[in-house]
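S.K.:
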Amino acid sequence: VESLREIYDPEIPVNIYDLGLIYHLEVQEDGHADVLMTLTAPNCPAAGILPGQAEDAVQETEGVESVNLEMTFEPPFSPQMMSEEARLELGFM
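For the sequence shown, my numbering assigns the number 91 to the last residue and increments by one with no breaks.
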């Protein structure tokens, strides 16, 4: 989680974890990590950057041997998925 908090959407001053873009993150005992993430919109300008950055960040985490990152747009991203801190930062509260 901490490694994902170092990655920011270039258009939003909130990291991708607190922004709510990570739907699922699980690291198994054998070191394999599964990540399910989304973007703020299907045509997000960062679509070519953020998934690779997220995968690299998880891969570089101590104890992680391999990463399977999948993208989804179901359910669609909404501000309710953000952490309370992110909603405060962006003026949603």
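Glycine is no exception: its CB is placed at the ideal position from the N, C-alpha and C atoms. All values reported here derive from a predicted model rather than from experimental measurement.
Comparing C-alpha positions only, which one of 21, 51, 72 sits nearest to residue 7?
M.R.: Taking only the C-alpha atoms, the option nearest residue 7 is 51.
S.K.: Could you pull out every residue in the same chain whose Cβ sits closer than 7 Å to the Cβ of residue 41, ignoring the five residues on either side in sequence?
M.R.: Once the five neighbours on either side are set aside, residue 41 has no close Cβ partner at all.
S.K.: Report the three-state DSSP secondary structure of residue 54 (helix, strand or coil).
M.R.: Correct three-state label for residue 54: helix.
S.K.: So residue 48 and residue 5 are in contact, right, with Cβ under 8 Å, and what is the actual spacing, rounded?
M.R.: Right, the Cβ-Cβ distance comes to about 7 Å (below 8 Å), so this counts as a contact.
S.K.: DSSP three-state label for residue 48, please.
M.R.: Three-state DSSP puts residue 48 in a helix.
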